[in-house]
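Engineer: To start, I am sharing the structure in question, which I have written as structure tokens.
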């Protein structure tokens, strides 16, 4: 007797009474845990300056203790400073700089990318050529030159990275605005004789907001890695200042 083949049926998604997707505990649990972690990091960044004195206290007798030593869960550095305290005290500089870079770069991108994507013509050409020039600059070489001219200050480095990060963001925002410009709601706003500024920043930009927010979050991580690399070269965080990387040469001076 041959078996009867019965094709499997795709399980329909569970719906609530109002027809919306049913509540998924696992997804909500992950989102809640991520939110708690981000809030904890933000609070630690605000209180980290209060930990600077304890983090920079030195004890040569306790130098280079391995992780797990009594009173030093992550060990100590060459000067006997606690690595855990250095890491906690450096949270402020590790968070403030990347967030400032991402937000500053995205503000410039929203302003100039929207202008280039909506107005087009000569405005798009000029902004596009400036973006091409900035994209051709090597980040590390520019950082060394700027540090030699203005000094290797932390916020000088942040301002420089804002300028170097914004070209790619301008291109992304311009692409999103160009895609939205021919939409019917834009044509309706033009027929109502609304100003160009209002059409761009009150109607088009909110519809590009998911793209802007996603790229903003990605830029925070990229900026954190870039700042860490520059601090390793001695450009950025001042010597002796606790950073997120307590083992870096800058933090060990």
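Residue numbers (the working numbering): 29 to 281.
Where is the CB? At the ideal position from N, CA and C, for every residue including glycine.
1) Short of 8 Å in beta carbon distance, which residues of its chain neighbour residue 263, apart from the five on each side in sequence? Order them along the chain.
2) In the DSSP assignment, the alpha helix (DSSP H) including residue 343 goes from what residue to what residue?
3) Roughly how many angstroms separate the alpha carbons of residue 157 and residue 151, rounded to a whole number?
4) Taking the alpha-carbon of residue 232 as reference, which of 218, 97, 126 and 194 has the nearest alpha-carbon?
5) My assumption, with CB atoms under 8 Å, is that residue 89 sits in contact with residue 102. Please give the rounded CB distance.
6) Following the continuous alpha helix (DSSP H) through residue 181, name the residue where it begins and the one where it ends.
7) Go ahead and label residue 213 buried or exposed: buried means 16 or more other beta carbons lie within 10 angstroms of its beta carbon, across all protein chains shown.
8) How far does the alpha helix (DSSP H) with residue 254 in it reach, from first residue to last?
9) In or out: residue 92 buried (at least 16 other Cβ within 10 Å) or exposed?
10) Pick out whichever of 194, 110 and 153 has its Cα sitting closest to the Cα of residue 85.
11) Flag this pair as yes or no: are the beta carbons of residue 141 and residue 201 separated by less than 7 Å?
12) Looking at residue 197: is its Cβ nearer than 7 Å to the Cβ of residue 134?
13) Candidates 73, 143, 162 and 136: which alpha carbon is nearest residue 227's?
14) In the DSSP assignment, what residue or residues form a beta bridge with residue 84?
15) Near residue 70, what residues of its chain come up, given a Cβ to Cβ distance below 8 Å and the 5 sequence neighbours on each side ignored?
16) Could you tell me whether the Cβ atoms of residue 240 and residue 126 are closer together than 7 Å?
17) With distances taken from CA atoms, which of 225, 129, 116 and 139 is nearest residue 284?
18) What does DSSP give as the partner residues of residue 110 in its beta bridges?
19) Roughly how far, in whole angstroms, is the beta-carbon of residue 206 from the beta-carbon of residue 145, given that I think they are within contact range, below 8 Å?
20) Helix or strand or just coil, what does DSSP make of residue 196?
21) Do residue 162 and residue 195 come within 7 Å of each other at the CB atom, strictly closer than that value?
22) When the Cα atoms are used, what is the spatial distance from residue 168 to residue 94?
23) By DSSP's criteria, residue 133 is part of a beta bridge. Which residues make up the other side?
24) Return the chain-ordered list of same chain residues with a C-beta closer than 6 Å to the C-beta of residue 188, the five sequence neighbours on each side being excluded.
Structural biologist: This is what the structure holds:
1) 171, 172, 175, 180 and 185
2) A query on residue 343 cannot be resolved here, the shown segment of the chain reaching from 29 to 281 and no further.
3) 10 Å
4) 218
5) Not really, about 18 Å apart at Cβ, beyond 8 Å.
6) Taken as a continuous stretch (DSSP letters only), residue 181 belongs to no alpha helix (DSSP H), as it is neither H nor E.
7) exposed
8) 233-260
9) exposed
10) Distance from the Cα of residue 85 is smallest, within the candidate group 194, 110 and 153, for 110.
11) Yes, these two residues count as a Cβ contact at 7 Å.
12) yes
13) 143
14) Paired residue(s): none; residue 84 is not in a bridge.
15) 123
16) By the CB criterion at 7 Å, residue 240 and residue 126 fall outside the cutoff.
17) Here the chain covers residues 29 to 281 and nothing more, so residue 284 does not appear.
18) 104
19) 4 Å
20) Helix at residue 196.
21) yes
22) Approximately 33 Å, taken between the alpha carbons.
23) Beta-bridge pairing links residue 133 to no other residue.
24) 174
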